[in-house]
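Peer 1: In our numbering, the protein residues as written are 85 to 671. Right, I'll just put the structure down here and ask away after.
Pasting the structure below:
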């Protein structure tokens, strides 16, 4: 067989392979183009309609690109890559045999035995091989091997791919700003799509004091679309809720491209953004600086010296102390402050030249009480304040801080210092109790008891003759005891040399505590009075008093006997055996 005829079959198989390869290339490229256009369209809708409008970070565009590349890689492998195989004559011959079954495997056998058999394959008849080759050549001569594929099948999908590609390209050219932004965002950049309304400025991040009422403003470009109103979106920064609260923003009359909204008092960190027309601002934060919070309190109490008490401590800003106690506060808060003032009523205590009253503005707060401030000493960190105040009367006070970072000023709640006054001492003259008579040589035996909440100092005998001026004689030293009973014997003649009958002697006991205001911290007993008589008259009075006491004892005894008789009668009537009293006398 001619060598040219053998090469003809081989050449025709190669042409068939190239045709098949062209068919797979056209189909794969068309399908990949359709997928690419669809993915770009979906990516644009997702990015423009969701990510861009919610101000999601540019990293999401990069993630979208990775997803799309992953899908395209899968499509390429499934629709194109797996069919791109190198030429193999036997495989191509099989494809031709599938298309033309009338060849009855002659073409495949021909390709398998196209070379001369080796010497060791002597069992194969070469005449038979040549006959088979001749037959294969004869039968394949009228067949077009390239018809294993039909390029006409790809006209529709190819046309659709070309048309969509042209439409998408033209749309991209006419909307090159959107197209450019899309590709920038897919590369992870924070680009923004063009809008009809362009927000050129907003209030951005704000820092306010707790309870502040910030005004959120936004300005749009005048050469763009300026709508009648906008929308302010807000939510609590630390809230897990995803729903944003919407409030309308009105357009100002002048300038007409500015929008604003005044918030009600804000007490928590808040996120917000503004949407005007088809444009939307970035997301910003309102940071709320809360009032400093007191973390610890250390109060030292220095009591008045006369109390003779060790220094005390306290850990509560509301406290109770004895009057004239010097109170030293050491208070620590959680926020650094640049100044710490103690506010006290302007009419309380003594004022120094540097602590003049600071009155609240009468026009803004006519009912506010007047106060003055006492500056506290701050440590270097600005968190611990120390101040000292002598407290002589009840005090209401509060703190005023100036926050260091932003200069916001806050006032604390009111606290109180109750003052317990040092009460007057008490004294009781136990003996003698009643007014009586005495002779010139009378010795008056007295028993008295003194009490005080802090400590007693001394006791005096205070007496006068016939209503004349009083004379005071010290008779006892309590030495700080708070409860003490003492005795004192007073011989009248020792202090009253000129006593005579019919004179009247009035006396009482006076005690004082250790309070510095000694003149007012005194207390006396009720006065007792003695009338001076002759010894004879005194004996007569004594007999009369003795007789009246005997009569009183008799009356008491008779009443006791009558009561005992009545009890015995009742016991007899009730059948109760009377209880015999034991004889107290010794036999």
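For glycine and all other residues, C-beta sits at the position ideal for the given N, C-alpha and C.
1) Where does residue 366 land, buried or exposed, given buried means 16+ other C-beta within 10 angstroms?
2) According to DSSP, simplified to helix, strand and coil, what is residue 430?
3) Beta-carbon within less than 7 Å of residue 602's beta-carbon, same chain only, minus the 5 sequence neighbours each way: which residues are those?
4) Within this structure, are the beta carbons of residue 708 and residue 534 separated by less than 7 Å?
5) Assuming residue 304 is part of the beta strand (DSSP E), what are its boundary residues?
6) Counting Cβ pairs, one atom from each stretch, are 3 or more of them under 8 Å apart for the region 179-195 and the region 221-231?
7) Is residue 398 helix, strand or coil when you go by DSSP?
8) Say whether the region 494-507 touches the region 395-411, bearing in mind that this needs 3 or more beta-carbon pairs closer than 8 Å, one atom from each stretch.
9) Can you give the Cα-Cα distance for residue 655 and residue 649, rounded to whole angstroms?
10) Which two residues bound the contiguous beta strand (DSSP E) that contains residue 276?
11) I need the DSSP call for residue 441, collapsed to helix, strand or coil.
12) Could you tell me which residues DSSP puts in a beta bridge with residue 333?
13) Apart from the five residues on each side of it in sequence, which residues of its chain come closer than 7 Å, Cβ to Cβ, to residue 668?
14) Starting from the Cα of residue 100, find the closest Cα among 239, 174, 490, 129 and give me that residue.
15) Consider the C-beta atom of residue 260 and the heavy atoms of the ligand GTP; say whether any pair is separated by less than 6 Å.
16) Helix, strand or coil, according to DSSP, for residue 448 in the structure here?
17) Give me the Cα-Cα distance between residue 412 and residue 491, rounded to the nearest whole angstrom.
18) Answer yes or no: do residue 163 and residue 115 have a C-beta to C-beta separation smaller than 7 Å?
19) Give me whichever residues DSSP pairs with residue 270 in a beta bridge.
20) Helix, strand or coil: which one does DSSP assign to residue 567?
21) Quick check: residue 455 and residue 423, are their CB atoms within less than 7 Å of each other?
22) Assign residue 492 to one of three DSSP states: helix, strand, or coil.
23) Near residue 187, which residues of its chain fall below 8 Å by C-beta distance, leaving aside the five closest residues on each side in sequence?
24) Please determine, among 302, 617, 509, the residue with the shortest C-alpha to C-alpha distance to residue 314.
25) Between 387, 402, 401, which lies nearest to residue 395 when the distance is taken from Cα to Cα?
26) Whose C-alpha, out of 620, 467, 537, is nearest the C-alpha of residue 522?
27) Contact check, residue 372 vs residue 351 under 8 Å by CB: the rounded distance?
28) Report the partner residues of residue 416 according to the DSSP bridge assignment.
29) Would you give the residue range spanned by the beta strand (DSSP E) that residue 292 belongs to?
Peer 2: Short version:
1) The residue labelled residue 366 in the question sits at position 282 within the chain shown. Residue 366 comes out exposed.
2) On the chain shown, position 346 is the one that residue 430 refers to. In this structure, residue 430 counts as coil in the three-state DSSP scheme.
3) Start at 1 with the first residue of the chain shown, and residue 602 comes out as number 518. Here the set comprises 596.
4) Residue 708 falls outside the range modelled here, since the chain spans only 85 to 671, and no answer is possible.
5) As a working mapping, residue 304 is identified with position 220 in the chain shown. 299-304 is the extent of the beta strand (DSSP E) around residue 304.
6) yes
7) Taking the chain shown and counting its residues from 1, one reaches residue 398 at position 314. Three-state DSSP puts residue 398 in a strand.
8) yes
9) For the purposes of this step, residue 655 is taken as residue 571 along the chain shown, with counting starting at 1. For the purposes of this step, residue 649 is taken as residue 565 along the chain shown, with counting starting at 1. Going by the C-alpha atoms only, they are around 10 Å apart.
10) The sequence position of residue 276 within the chain shown is 192, counting from 1. Note, residue 276: premise wrong, no beta strand (DSSP E); not H, not E.
11) Along the chain shown, read from residue 1 onward, the residue named residue 441 stands at position 357. Low confidence applies here, because residue 441 scores a pLDDT of 44, under 50, leaving its location unreliable and the question unanswered by this model.
12) Mapped onto the chain shown, residue 333 falls at position 249. Looking at the DSSP assignment, residue 333 forms a beta bridge with 314.
13) For the purposes of this step, residue 668 is taken as residue 584 along the chain shown, with counting starting at 1. Caution is warranted here: a pLDDT of 45 is assigned to residue 668, below 50, making its placement in the model unreliable, and the coordinate value is therefore given only provisionally. So no residue of the chain qualifies.
14) Taking the chain shown and counting its residues from 1, the one referred to as residue 100 is at position 16. If we check each option's Cα against that of residue 100, 174 comes out closest.
15) With respect to the ligand GTP, the structure shown offers nothing to examine, as it has no ligands at all.
16) Your numbering for residue 448 matches position 364 in the chain shown. Note that residue 448 scores a pLDDT of 46, beneath 50, so its modelled location is shaky and nothing firm can be said.
17) As a first step, residue 412 must be located in the chain shown, where it is residue number 328. As a first step, residue 491 must be located in the chain shown, where it is residue number 407. Roughly 27 Å separates the two Cα atoms.
18) Taking the chain shown and counting its residues from 1, the one referred to as residue 163 is at position 79. Taking the chain shown and counting its residues from 1, the one referred to as residue 115 is at position 31. Yes; because the gap between Cβ atoms is below 7 Å, this pair is in contact.
19) Working through the chain shown from its first residue, we reach residue 270 at position 186. According to DSSP, residue 270 bridges with nothing at all.
20) Position 483 of the chain shown, counted from the first residue, corresponds to residue 567. Residue state, collapsed to three classes: strand.
21) The sequence position of residue 455 within the chain shown is 371, counting from 1. The sequence position of residue 423 within the chain shown is 339, counting from 1. Taking 7 Å as the Cβ cut-off, residue 455 and residue 423 do not qualify as a contacting pair.
22) Against the chain shown, residue 492 aligns to sequence position 408. Residue 492 falls in the coil class under three-state DSSP.
23) Within the chain shown, the letter at position 103 stands for residue 187. Closer than 8 Å at the Cβ level, and outside the excluded window around residue 187, lie 180, 181, 220, 223, 224, 227.
24) Start at 1 with the first residue of the chain shown, and residue 314 comes out as number 230. That would be 302, whose Cα lies nearest to the Cα of residue 314.
25) The residue you call residue 395 lines up with position 311 of the chain shown. Selected option, being the one with the closest Cα: 387.
26) Here residue 522 refers to the residue found at position 438 of the chain shown. The shortest C-alpha separation from residue 522 is found at 620.
27) Translated into positions along the chain shown, residue 372 becomes position 288. Translated into positions along the chain shown, residue 351 becomes position 267. At roughly 6 Å, the Cβ-Cβ gap stays under 8 Å, so residue 372 and residue 351 are in contact.
28) For this step, residue 416 is matched to residue 332 along the chain shown. For residue 416, which the question treats as bridged, DSSP gives the partners 380, 468.
29) Along the chain shown, one-based indexing puts residue 292 at 208. Looking at the DSSP string, the run of the beta strand (DSSP E) that includes residue 292 is 290-293.
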